[in-house]
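Chains as they are written, first to last, in my numbering: chain A, 24 to 197; chain B, 24 to 197.
Note that CB positions come from ideal geometry on N, CA and C, so glycine has one too.
Notes to accompany the following structure.
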DNA sequence: GCTCCCATGTAATTGGTTACATGATTCA
DNA sequence: TGAATCATGTAACCAATTACATGGGAGC
């Protein structure tokens, strides 16, 4: 069966253990958010579809827990997830308004162009702070865990962009 | 008036001179595509809306040209464009399936995890080739032009990611 | 008892891609 | 004359956000 974009991230998180829609949303927000988002409006309907397709099943609430609906992968779901994981990735998209503005900045003066570069740096500094906060929440940053590796990628990635902006600013000043 | 995402890129390209919907699509594909896409299904209806809103007007075909509809900015359109340019950027999104797979790769063995990293590098190598082809098409890469600056950003950005993947691969081998 | 957070869900709207339809012009 | 490219446009569909509605439980 075809996986929707949100379907992949749901199966991915469920491959780590039982989770509810709320859990998945929480985890997305503090981990994959920087390269793969999902909203409640997508998650809950998609959980329904995956269940109807037999890829996940309700695990029911644990003892003494407040009312919630946890799901787990079925055999079929795990197979589909692993197939997805090993298939070549395709989706690779970026929408970066700051770069778009800079691209069209030939009509404005140098000072404003510099402001645009500063603005880009600022946006990525905020992302960097968020990622570092996530990193601080991990006991020991274990590079052997793939998810920590991706987190580290995210941090270095933001740092590179910020550095590019600063280099460019210095180059202009010189 | 509120600008839609596609509206911004249309005003941006028209700020450089008269262009048709077809022209805009062609230019998007060989320049902003890497951080801002647009399809015919968005461009043509949006041209209509911008015209109805009085931001652009038909310039008509030039002498001896084949049938086409070129547009130019109105005063109002130029003002809106400049306001957008100087306002803080907001949209900053990425959807990177390769990173998502790597993030969930703890359940697979080291070899497959390495394949995922190689796959990411490969995707960005292709992007890099495309960008270099664009760069080769420019007479002299003039860093003083903002659009060339963004092109160079794109190239170095791809190179950084490829380098990260290679560093990570070597680190694993060691 | 009030507020905050947990938790699930839907409806309206937006934004976008893809595939298709159509036809003119250029060039081999 | 046939293929490629220029050129405009629409319809069907997909994906996603946002805002809203609802209610239970925890802790002050």
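Assign residue i to buried or exposed, taking buried as 16 or more other Cβ atoms, counted over all protein chains shown, within 10 Å of its Cβ.
{"i": "residue 106 of chain A", "result": "exposed"}
{"i": "residue 54 of chain A", "result": "buried"}
{"i": "residue 136 of chain A", "result": "buried"}
{"i": "residue 75 of chain A", "result": "exposed"}
{"i": "residue 171 of chain A", "result": "buried"}
{"i": "residue 98 of chain A", "result": "exposed"}
{"i": "residue 169 of chain B", "result": "buried"}
{"i": "residue 159 of chain A", "result": "exposed"}
{"i": "residue 161 of chain A", "result": "exposed"}
{"i": "residue 81 of chain B", "result": "exposed"}
{"i": "residue 69 of chain B", "result": "buried"}
{"i": "residue 61 of chain A", "result": "buried"}
{"i": "residue 112 of chain A", "result": "buried"}
Determine, using beta carbons only, whether residue i comes closer than 8 Å to chain B.
{"i": "residue 31 of chain A", "result": "yes"}
{"i": "residue 124 of chain A", "result": "yes"}
{"i": "residue 51 of chain A", "result": "no"}
{"i": "residue 37 of chain A", "result": "no"}
{"i": "residue 61 of chain A", "result": "no"}
{"i": "residue 168 of chain A", "result": "yes"}
{"i": "residue 108 of chain A", "result": "yes"}
{"i": "residue 112 of chain A", "result": "yes"}
{"i": "residue 146 of chain A", "result": "yes"}
{"i": "residue 77 of chain A", "result": "no"}
{"i": "residue 142 of chain A", "result": "yes"}
{"i": "residue 179 of chain A", "result": "yes"}
Using 8 Å as the limit for Cβ to Cβ distance, is residue i near chain A?
{"i": "residue 130 of chain B", "result": "yes"}
{"i": "residue 116 of chain B", "result": "yes"}
{"i": "residue 172 of chain B", "result": "yes"}
{"i": "residue 55 of chain B", "result": "yes"}
{"i": "residue 65 of chain B", "result": "no"}
{"i": "residue 120 of chain B", "result": "yes"}
{"i": "residue 136 of chain B", "result": "yes"}
Under the assumption that residue i contacts residue j (Cβ atoms under 8 Å), give the Cβ distance between them as a whole number of angstroms.
{"i": "residue 127 of chain B", "j": "residue 38 of chain A", "result": "6 Å"}
{"i": "residue 93 of chain A", "j": "residue 48 of chain A", "result": "Contact doesn't hold; Cβ gap of about 13 Å is too wide."}
{"i": "residue 182 of chain A", "j": "residue 140 of chain A", "result": "Actually they are not in contact, since the Cβ atoms of residue 182 of chain A and residue 140 of chain A sit about 16 Å apart, beyond 8 Å."}
{"i": "residue 125 of chain B", "j": "residue 143 of chain B", "result": "7 Å"}
{"i": "residue 100 of chain A", "j": "residue 78 of chain A", "result": "3 Å"}
{"i": "residue 30 of chain A", "j": "residue 73 of chain A", "result": "6 Å"}
{"i": "residue 34 of chain A", "j": "residue 96 of chain A", "result": "7 Å"}
To which residues does DSSP link residue i through a beta bridge?
{"i": "residue 115 of chain B", "result": "A/119"}
{"i": "residue 42 of chain A", "result": "A/94"}
{"i": "residue 80 of chain B", "result": "B/95"}
Is the stretch 143-160 of chain B touching the stretch 175-189 of chain B, taking contact as three or more C-beta pairs under 8 Å? yes
Could you tell me whether the stretch 55-64 of chain A touches the stretch 118-126 of chain A, where touching means 3 or more Cβ pairs closer than 8 Å? no
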